[in-house]
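Protein chains in written order, with the working numbering: chain A, 5 to 380; chain B, 14 to 243; chain C, 3 to 228.
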Amino acid sequence: MNEPHRGDSNKKASGISTIDVSLCLDFGGGSSPPFSLAVNVSLPGAGVTAIFGHSGSGKTSLLRSIAGLERKALGSVVVNNENWQNSTFFLPTHKRSIGYVFQESSLFGHLTASGNLRYARKRAKKRTKGLSRKVIEIMGISHLLDRFPSQLSGGERQRVSIARALLTEPSLLLLDEPLAALDISRKREIIPYLELLKQNANVPILYVSHSVDEVARLADHIIVLEQGKVVAEGAVQEVFSQMDVPFSLQEDTGVLLSGTYKTHEPEWSLSRVALSGGDLLVAEVSATVGADLRVRILAKDISLSLSAEDHSSILNRLECEIIDVVEKAEQSMALVKLQTGDDFLIASITRKSLYRLGLVKGMHVWAQIKSVAIVQ
Amino acid sequence: MINFSPEDISAIWLTLKLASTVTIILLLIGTPIAYWLARTNSKMKGPISAIVALPLVLPPTVIGFYLLIAMGPNGFVGQLTQSLGLGTLPFTFGGLVVASVFYSMPFVVQPIQNAIEGLGDRPLEVAASLGAGRLDQFFTVVLPLAKPGFITATILGFAHTVGEFGVILMIGGNIPGETRVVSVQIYDHVESLAYGQAHTLAGTMVVFSFVVLLCLYWFQSKRGGQWSMK
Amino acid sequence: MKRLVKQFEQQTSHNVIVSYGSSGKLFAQIIHGAPFDLFLSADQELPSKLVALGHADSSQQFTYALGRLVLWSADSNAIDEKASRLKSGDYTHVALANPRFAPYGRAAIETLNALGLVVSSESKLVQGENVAQAYQFIHSGNAEMGFIALAQLYGEGLDRLDKRRQFHGSKWIVPDALYSPIRQDLVVLNRGQAKQIAQQFFDFMRGDVATSIISKSGYSVSTNHD
Chain A
5 MNEPHRGDSN
15 KKASGISTID
25 VSLCLDFGGG
35 SSPPFSLAVN
45 VSLPGAGVTA
55 IFGHSGSGKT
65 SLLRSIAGLE
75 RKALGSVVVN
85 NENWQNSTFF
95 LPTHKRSIGY
105 VFQESSLFGH
115 LTASGNLRYA
125 RKRAKKRTKG
135 LSRKVIEIMG
145 ISHLLDRFPS
155 QLSGGERQRV
165 SIARALLTEP
175 SLLLLDEPLA
185 ALDISRKREI
195 IPYLELLKQN
205 ANVPILYVSH
215 SVDEVARLAD
225 HIIVLEQGKV
235 VAEGAVQEVF
245 SQMDVPFSLQ
255 EDTGVLLSGT
265 YKTHEPEWSL
275 SRVALSGGDL
285 LVAEVSATVG
295 ADLRVRILAK
305 DISLSLSAED
315 HSSILNRLEC
325 EIIDVVEKAE
335 QSMALVKLQT
345 GDDFLIASIT
355 RKSLYRLGLV
365 KGMHVWAQIK
375 SVAIVQ
Chain B
14 MINFSPEDIS
24 AIWLTLKLAS
34 TVTIILLLIG
44 TPIAYWLART
54 NSKMKGPISA
64 IVALPLVLPP
74 TVIGFYLLIA
84 MGPNGFVGQL
94 TQSLGLGTLP
104 FTFGGLVVAS
114 VFYSMPFVVQ
124 PIQNAIEGLG
134 DRPLEVAASL
144 GAGRLDQFFT
154 VVLPLAKPGF
164 ITATILGFAH
174 TVGEFGVILM
184 IGGNIPGETR
194 VVSVQIYDHV
204 ESLAYGQAHT
214 LAGTMVVFSF
224 VVLLCLYWFQ
234 SKRGGQWSMK
Chain C
3 MKRLVKQFEQ
13 QTSHNVIVSY
23 GSSGKLFAQI
33 IHGAPFDLFL
43 SADQELPSKL
53 VALGHADSSQ
63 QFTYALGRLV
73 LWSADSNAID
83 EKASRLKSGD
93 YTHVALANPR
103 FAPYGRAAIE
113 TLNALGLVVS
123 SESKLVQGEN
133 VAQAYQFIHS
143 GNAEMGFIAL
153 AQLYGEGLDR
163 LDKRRQFHGS
173 KWIVPDALYS
183 PIRQDLVVLN
193 RGQAKQIAQQ
203 FFDFMRGDVA
213 TSIISKSGYS
223 VSTNHD
């Protein structure tokens with residue numbers, strides 16, 4: 005897995021052009037080992053692109069470089085056919101049409117929430133009527149406007165920060181691990197706002213994160229960074245279903261599938277979701293018939309059976325064909341890639357079972373799925 | 014009761030005039046210097062910091078002595094002022110202002126520099142991301158967030174100039190209404206054994222300074238201290 | 003002073019320690035208990051005050067020197083034998099010691115008064131706290147001329163043939179008639195411990211050797227001792 009994988013994703017969607025980034029930045033020295041950021045990608049000009057990696061992988065540096073906050077970054081940045089940076093030219097941050105949300109909200113302490121919003125509005129490069137009201141409504145902060153940042157909770161501050169970034173009417177919205185500094189309950193509080201943001205903002209979003217869950221929920225496109233280099237890139241569903249999974253994804257190896265809401269089964273408090281290869285029963289969700297749902301299935305939650313028999317407590321069983329097998333000699337676990345309908349699944353099973361069941365490419369098996377997460 | 018002679022009153026007015034003028038000038042020229050020192054990575058930062066801090070270390074009489082020579086007709090400053098048609102600076106109010114600006118500079122620059130350094134990069138990055146250019150950033154973010162530093166700088170600059178003696182003694186010439194400031198006037202009272210007048214004048218200055226400082230510190234605490242990024 | 007002390011130490015093999023300072027400050031120290039044996043003042047008033055306050059005895063006070071006032075400039079062309087530029091007012095600043103408490107300053111004002119120049123020179127007067135500071139103002143060129151003690155110029159090589167340093171500047175020794183004598187008195191202090199040696203020094207200062215040194219240093223010596 006030396007080459008980054010490129011998916012042919014929705015690059016030229018909606019007529020908005022791409023975000024082309026080709027950057028080098030040298031880091032470290034002193035107490036930390038020096039490393040280089042070397043990235044050459046073309047990101048879609050719409051939707052949410054996640055920049056994923058562990059801490060120290062360079063993802064924040066990449067985001068900051070795109071924003072123009074790293075003067076030492078060499079290379080080029082072209083956004084929407086606009087030249088932000090090249091070998092002879094450097095557009096300073098305040099002239100780049102960006103909105104930036106920092107990890108620790110970074111609201112101006114000497115201004116109220118509305119003061120912070122007005123600061124952004126005053127300097128916006130264009131001003132669409134009614135945007136302030138809309139943004140305040142979406143982020144649910146209208147009751148917080150007269151408070152000072154010191155009077156707001158962490159989650160509230162982040163919502164105000166996001167609103168503030170939006171009010172500059174940017175061409176590109178950059179979010180640097182916006183949930184990292186929050187505890188679980190605050191995170192859960194904000195994620196719906198981020199989803200609302202995704203639906204309502206007509207702006208491409210670059211979202212830096214080290215959380216697979218956040219990426220699974222929000223991202224359309226993903227680039228994976230390891231030690232400053234891109235090791236995987238493409239539509240999020242595809243990258244997640246890659247067998248030679250980048251190191252950073254390993255613990256949460258699993259796939260993302262697109263499903264459609266079918267029906268309720270109220271007597272069991274279950275809902276039925278249709279995938280291309282069959283139906284799944286999940287814990288009750290509120291959705292309308294025909295609504296699109298994103299479904300996440302972890303590899304460790306899939307076991308394989310040779311027979312169609314229904315003698316176990318596991319409800320969800322999909323018929324599949326084995327596409328690929330990855331195993332390593334000294335390791336106990338192996339990965340099996342399966343196709344069901346048009347979708348792919350990855351199952352993590354012991355090597356012993358692999359051999360005991362004689363599982364090879366091309367075989368038809370049943371995937372028993374113990375746990376399914378609906379990731380809106 | 015307090016009985017000031019007209020010379021005493023003139024000395025007080027002159028001192029207040031000097032301290033105000035010097036403080037305002039230092040805020041205007043000291044702020045860009047403090048800003049540069051706070052944010053630069055240049056190799057010149059060390060040497061320039063040392064030059065600014067020099068008056069803290071040198072005895073006032075030494076400073077005054079060199080200023081007397083430099084500002085005189087044979088010194089490089091004196092020749093400059095003469096070529097500009099300004100004559101020479103010693104024995105003039107302008108000369109006191111120049112000397113005091115130099116002598117009180119670290120007291121104004123350092124608090125401002127420390128306050129700006131304390132802000133770090135983040136507030137400015139945020140401002141930039143919201144479309145604020147350098148000057149805009151300075152007035153709308155740096156200034157309000159560093160306000161306590163500016164207040165301290167004003168207090169210290171003013172107070173230090175009021176109390177200045179050695180340098181003014183060296184280059185002032187003790188001219189009534191022009192260079193005879195309170196510190197020199199008190200000294201003269203003592204030298205001529207007029208202890209009563211010395212007490213009156215000195216005591217008044219102590220009370221005045223104390224009240225000024227009290228007011229400024231009260232004003233600062235009322236504002237809730239330092240704003241920060243949240 | 004150094005020459006006097008050296009001479010005395012050679013003659014008597016006693017050690018003398020000298021504390022220099024402005025007369026006013028030394029006076030203040032003495033009345034607050036400083037342990038000096040003798041006080042040599044730049045005026046007469048302070049020693050007399052010490053006697054009046056009981057810190058010294060009037061029999062132990064005498065005038066050891068008469069100060070001589072000189073108008074001096076660092077510029078060799080500024081002052082002629084008649085001090086014409088002073089009299090015509092052709093200067094921007096004239097320096098002097100503070101007449102309020104410095105004897106040479108007082109003498110300078112008396113001189114200006116005698117020459118009828120007080121009013122015309124008033125706005126151009128620049129005061130130093132003492133003659134040393136007045137000297138600095140003149141030496142640095144900031145005051146074109148000023149009144150100092152003649153004794154100060156003796157360091158400049160007026161009387162010595164010092165080949166390395168040429169005398170520069172110009173001077174006018176102010177005639178004695180224009181100002182009241184600057185009597186510089188010394189007094190033996192009651193508080194001093196070394197009473198015998200102090201007495202020896204007192205007598206030494208009245209003797210010919212001392213008198214000769216003093217008059218060669220830019221002072222006059224009074225012929226009658228008060």
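All residues carry an ideal CB built from backbone N, CA and C; glycine is no exception.
Among the residues of its own chain, which have a CB less than 8 Å from the CB of residue i, if the five just before and after it don't count?
{"i": "alanine 295 of chain A", "result": "Thr264 and Tyr265"}
{"i": "aspartate 314 of chain A", "result": "Arg321"}
{"i": "valine 110 of chain B", "result": "Leu31, Thr34, Val35 and Ile38"}
{"i": "arginine 298 of chain A", "result": "Ala220, Arg221, Leu260, Leu261, Ser262, Gly263, Ile378, Val379 and Gln380"}
From the DSSP output, in three-state form, read off residue i for me.
{"i": "glutamate 177 of chain B", "result": "coil"}
{"i": "glutamine 195 of chain C", "result": "coil"}
{"i": "phenylalanine 38 of chain C", "result": "coil"}
{"i": "glutamine 343 of chain A", "result": "strand"}
{"i": "asparagine 17 of chain C", "result": "coil"}
{"i": "asparagine 120 of chain A", "result": "helix"}
{"i": "alanine 42 of chain A", "result": "strand"}
{"i": "lysine 16 of chain A", "result": "With a pLDDT of only 38 at lysine 16 of chain A, under the threshold of 50, the placement of this residue in the model should not be trusted; the figure read from the coordinates follows. Of the three classes helix, strand and coil, the one that applies to lysine 16 of chain A here is coil, per DSSP."}
{"i": "threonine 53 of chain A", "result": "strand"}
{"i": "aspartate 314 of chain A", "result": "coil"}
{"i": "histidine 147 of chain A", "result": "helix"}
{"i": "arginine 161 of chain A", "result": "helix"}
{"i": "arginine 75 of chain A", "result": "coil"}
{"i": "glycine 69 of chain C", "result": "strand"}
{"i": "threonine 354 of chain A", "result": "strand"}
{"i": "leucine 302 of chain A", "result": "strand"}
{"i": "asparagine 16 of chain B", "result": "coil"}
{"i": "leucine 163 of chain C", "result": "Legend: pLDDT at leucine 163 of chain C = 41, less than 50; position of this residue unreliable, no value from coordinates given."}
Since residue i and residue j are thought to touch, with beta carbons under 8 Å apart, how far apart are those beta carbons, to the nearest angstrom?
{"i": "serine 91 of chain A", "j": "leucine 27 of chain A", "result": "Actually they are not in contact, since the Cβ atoms of serine 91 of chain A and leucine 27 of chain A sit about 12 Å apart, beyond 8 Å."}
{"i": "isoleucine 306 of chain A", "j": "glutamine 372 of chain A", "result": "7 Å"}
{"i": "alanine 110 of chain C", "j": "leucine 119 of chain C", "result": "Not quite, the Cβ-Cβ distance comes to about 11 Å (not below 8 Å), so this is no contact."}
{"i": "valine 72 of chain C", "j": "leucine 155 of chain C", "result": "6 Å"}
{"i": "glycine 80 of chain C", "j": "methionine 147 of chain C", "result": "Just to set this straight, residue 80 of chain C is alanine in the shown sequence, not glycine. 6 Å between Cβ atoms; contact."}
Where do the ends of the alpha helix (DSSP H) carrying residue i lie?
{"i": "glutamate 147 of chain C", "result": "In the sequence as displayed, the identity of residue 147 of chain C is methionine instead of glutamate. No alpha helix (DSSP H) holds methionine 147 of chain C; the beta strand (DSSP E) holding it covers 147-151."}
{"i": "glutamate 199 of chain A", "result": "188-204"}
{"i": "phenylalanine 237 of chain C", "result": "What the structure shows of chain C is the stretch from 3 to 228, and residue 237 of chain C is not part of that stretch, so it cannot be assessed."}
{"i": "tyrosine 200 of chain B", "result": "195-204"}
{"i": "glutamine 126 of chain B", "result": "106-132"}
{"i": "glutamine 150 of chain B", "result": "147-150"}
{"i": "alanine 99 of chain C", "result": "Segment 96-99 is the beta strand (DSSP E) holding alanine 99 of chain C; no alpha helix (DSSP H) there."}
{"i": "lysine 51 of chain C", "result": "47-54"}
{"i": "glutamate 396 of chain A", "result": "Past the boundaries of the shown model lies residue 396 of chain A; chain A is included only from 5 to 380, so the question cannot be answered."}
Can you name the start and end residues of the beta strand (DSSP E) that residue i belongs to?
{"i": "tyrosine 104 of chain A", "result": "102-105"}
{"i": "glycine 263 of chain A", "result": "258-269"}
{"i": "alanine 76 of chain C", "result": "It is not in any beta strand (DSSP E) - alanine 76 of chain C carries neither H nor E in the DSSP assignment."}
{"i": "alanine 371 of chain A", "result": "368-373"}
{"i": "valine 330 of chain A", "result": "320-331"}
Who are the Cβ neighbours of residue i in its own chain at under 6 Å, not counting the five residues just before and after it?
{"i": "alanine 291 of chain A", "result": "Tyr265"}
{"i": "alanine 223 of chain A", "result": "Val52, Ala54 and Val240"}
{"i": "aspartate 187 of chain C", "result": "Ser43, Gln46, Pro49, Gln63 and Thr65"}
{"i": "leucine 229 of chain A", "result": "Gly57, Ser61, Gly62 and Lys63"}
Excluding sequence positions up to five away, which residues of its chain have a Cβ less than 7 Å from the Cβ of residue i?
{"i": "leucine 214 of chain B", "result": "Asp21, Val195, Gln198, Ile199 and His202"}
{"i": "isoleucine 76 of chain B", "result": "Pro68, Tyr116 and Val180"}
{"i": "valine 225 of chain B", "result": "none"}
Chain D beta carbons: is any one of them nearer than 7 Å to that of residue i?
{"i": "glycine 220 of chain C", "result": "In the structure shown, chain D cannot be found, because the protein chains are A, B and C."}
Discussion item. Taking 8 Å as the cut-off, does the region 130-144 of chain B touch the region 113-127 of chain A (at least 3 CB pairs, one atom from each stretch)?
Written reply: Three or more pairs of CB atoms, one per stretch, sit closer than 8 Å, so the region 113-127 of chain A contacts the region 130-144 of chain B.
Worksheet item: Would you call the region 31-40 of chain B and the region 219-233 of chain B touching, i.e. three or more CB-CB distances under 8 Å?
Response: The region 219-233 of chain B and the region 31-40 of chain B do not touch, with fewer than three beta-carbon pairs separated by less than 8 Å.
Worksheet item: Given 8 Å as the limit, is there contact between the region 133-144 of chain A and the region 211-226 of chain A, that is, 3 or more CB pairs closer than that?
Response: With a cut-off of 8 Å on Cβ pairs, the region 133-144 of chain A is not in contact with the region 211-226 of chain A, counting fewer than three such pairs.
Discussion item. Using a Cβ distance threshold of 8 Å, determine whether the region 196-203 of chain A contacts the region 146-158 of chain A, with at least three qualifying pairs required.
Written reply: Fewer than three Cβ pairs drawn from the region 196-203 of chain A and the region 146-158 of chain A lie within less than 8 Å of each other, which leaves the two stretches out of contact.
Discussion item. Is it the case that the region 361-375 of chain A contacts the region 318-337 of chain A, given that we only count it when at least three CB pairs across the two stretches are under 8 Å?
Written reply: With the cut-off at 8 Å, the region 318-337 of chain A and the region 361-375 of chain A touch.
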